[in-house]
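Numbering (full-length UniProt numbering), first residue to last: 1 to 453. Every residue, glycine too, gets a C-beta built ideally from N, C-alpha and C. These notes concern the structure reproduced below.
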């Protein structure tokens, strides 16, 4: 089992997982492209996860999503007759949980408490475990909750250029109740891609399906800022992909994908972390953000502020994010949907620009004071060059690059758009100077070290 990163590149990030040793052979499944879903996602899937060449048209699953949305999803067909669900690809979860109506499928069957798969505590199954329904419940870091009974039904596996392959007795969670931001989420649920017993890869491996008979239970994700691709089985490298470097996965009793972490580098300098620095990272494609243990997080914030110190203004020009709506009526203002703030778009293009960032000398950066309840690190940007900053892709040349050095000399390079987000923007006019608010997409994870998508 291994995780793969594109050599010398920030994207795509490839993750290859399997529920058993990867089989050798030339047969491989097809790739499926992932499409971008526009918008900004406020949902946080973090440490509270439960139990937690070929043409592109031949890819097995198209992944929606990207950096601006915060998650990647793919259409999958489930039930009898099959119905298409848009599911978030979650390597940090062992349960697939769509909002599924069992009455609409003739093949849906309940999973009972006496089945070996059922994780439900036997004390809650009553005196009749052979008939009591096995249930699940998930709680997430942002207050989301979902749950319901486990079911069995048919899952259709896409095979480009061929009929779908069928996993007849796929076990999944039927999400009967939802609360929190989950209710308003674009996707219909998530598909668990960890190595936990209820996840999709172990079920494919046990049934010997997926990947046209080659390395069943193996999957590959390639994620980029505009989408990505997923393939089941042993795939060929997509045409045009960078050369790959491989890192062995560390053992995980809960079935997570852990990669050995050697160091974190900010602006070319290794991060000095007091105490015991993190030795591994959990790869979690279902997490919007990245989390570091407290001491590592504090060291990262300190190093970023030190790297940005030469750009600090000589006078106090800080603008609290919550005041951006109170500008004069003639000012063009754009406030992105972040944490429940409604969207206001100006006459300019704030979504599609991906050109190089402005010269660092034309932008001033100052730490946003926030308030006592803030759990995020933010900065206020001012100066004439700020008018050119439309999205996080324009932060290159202003914010430093980060690097994650993994065991074996593999380095994952993270440009600013991989760890920071432009959450508010005032373009300015003749009387009001342009300003922007940028927030760090890395949070204090207490003891957790999670690398999000």
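Inter-residue spacing [alpha-carbon to alpha-carbon] between residue i and residue j
i: residue 302; j: residue 427; result: 29 Å
i: residue 195; j: residue 92; result: 9 Å
i: residue 154; j: residue 299; result: 48 Å
i: residue 252; j: residue 387; result: 47 Å
i: residue 344; j: residue 391; result: Any reading at residue 344 must be qualified, since the residue scores a pLDDT of 31, below 50, and its modelled position is unreliable; the value itself is stated next. Rounded to the nearest angstrom, the two C-alpha atoms are 15 Å apart.
i: residue 378; j: residue 281; result: 24 Å
i: residue 335; j: residue 381; result: Here the model assigns residue 335 a pLDDT of 32, short of 50, so the residue's position is not dependable and the matter cannot be decided.
i: residue 111; j: residue 258; result: 30 Å
i: residue 375; j: residue 445; result: 11 Å
i: residue 398; j: residue 224; result: 22 Å
i: residue 218; j: residue 205; result: 8 Å
i: residue 134; j: residue 207; result: 21 Å
i: residue 103; j: residue 385; result: 58 Å
i: residue 411; j: residue 429; result: 42 Å
i: residue 237; j: residue 118; result: 37 Å
i: residue 203; j: residue 264; result: 35 Å
i: residue 276; j: residue 109; result: 48 Å
i: residue 342; j: residue 162; result: Unreliable placement is indicated for residue 342, whose pLDDT of 28 sits below 50; the coordinate value is still reported in the next sentence. Taking the straight line from one Cα to the other gives about 44 Å.
i: residue 313; j: residue 389; result: 17 Å
i: residue 174; j: residue 189; result: 10 Å
i: residue 274; j: residue 262; result: 15 Å
i: residue 244; j: residue 228; result: 16 Å
i: residue 82; j: residue 73; result: 18 Å
i: residue 367; j: residue 431; result: 24 Å
i: residue 400; j: residue 309; result: 12 Å
i: residue 254; j: residue 197; result: 9 Å
Given residue i as reference, the closest of the options once Cα atoms are compared
i: residue 105; options: 89, 438, 96, 84; result: 84
i: residue 260; options: 110, 252, 270, 279; result: 279
i: residue 149; options: 209, 252, 100; result: 100
i: residue 230; options: 288, 397, 401, 75; result: 75
i: residue 416; options: 307, 284, 227; result: 307
i: residue 438; options: 453, 304, 412, 429; result: 304
i: residue 296; options: 135, 447, 132; result: 447
i: residue 436; options: 163, 270, 365; result: 365
i: residue 191; options: 88, 411, 443, 399; result: 88
i: residue 216; options: 224, 227, 237, 201; result: 201
i: residue 71; options: 90, 218, 78; result: 90
i: residue 266; options: 94, 414, 77, 103; result: 414
i: residue 137; options: 109, 222, 176; result: 176
C-beta atoms of residue i and residue j nearer than 8 Å
i: residue 395; j: residue 424; result: no
i: residue 116; j: residue 172; result: no
i: residue 167; j: residue 157; result: yes
i: residue 233; j: residue 210; result: yes
i: residue 130; j: residue 199; result: no
i: residue 402; j: residue 363; result: no
i: residue 226; j: residue 86; result: no
i: residue 449; j: residue 292; result: yes
Contacts around residue i, its chain only, beta-carbon distance under 7 Å, and the 5 residues preceding and following it disregarded
i: residue 441; result: 289, 290, 419, 420, 421
i: residue 80; result: 105, 106, 107, 153, 154
i: residue 452; result: 284, 287, 288, 289, 290
i: residue 294; result: 444, 446
i: residue 169; result: 152
i: residue 256; result: 52, 92, 194, 282
i: residue 434; result: 386, 387, 426, 427, 428
i: residue 126; result: 132
i: residue 272; result: 299
i: residue 383; result: 362, 363, 364
Neighbourhood of residue i by C-beta, 6 Å cutoff - its chain only, sequence neighbours within 5 removed
i: residue 114; result: 129, 130
i: residue 270; result: 263
i: residue 317; result: Residue placement at residue 317 cannot be trusted, given a pLDDT of 43 that sits under 50; what the coordinates show is reported in the next sentence. These residues qualify, in order along the chain: 382.
Cβ neighbours of residue i in the same chain (closer than 8 Å, five flanking residues each side left out)
i: residue 164; result: 77, 156, 157, 158
Test: residue i CB closer than 8 Å to a CB of chain B
i: residue 279; result: In the structure shown, chain B does not exist; there is a single protein chain.
Three CB pairs or more closer than 8 Å across the segment 241-252 and the segment 401-413: yes
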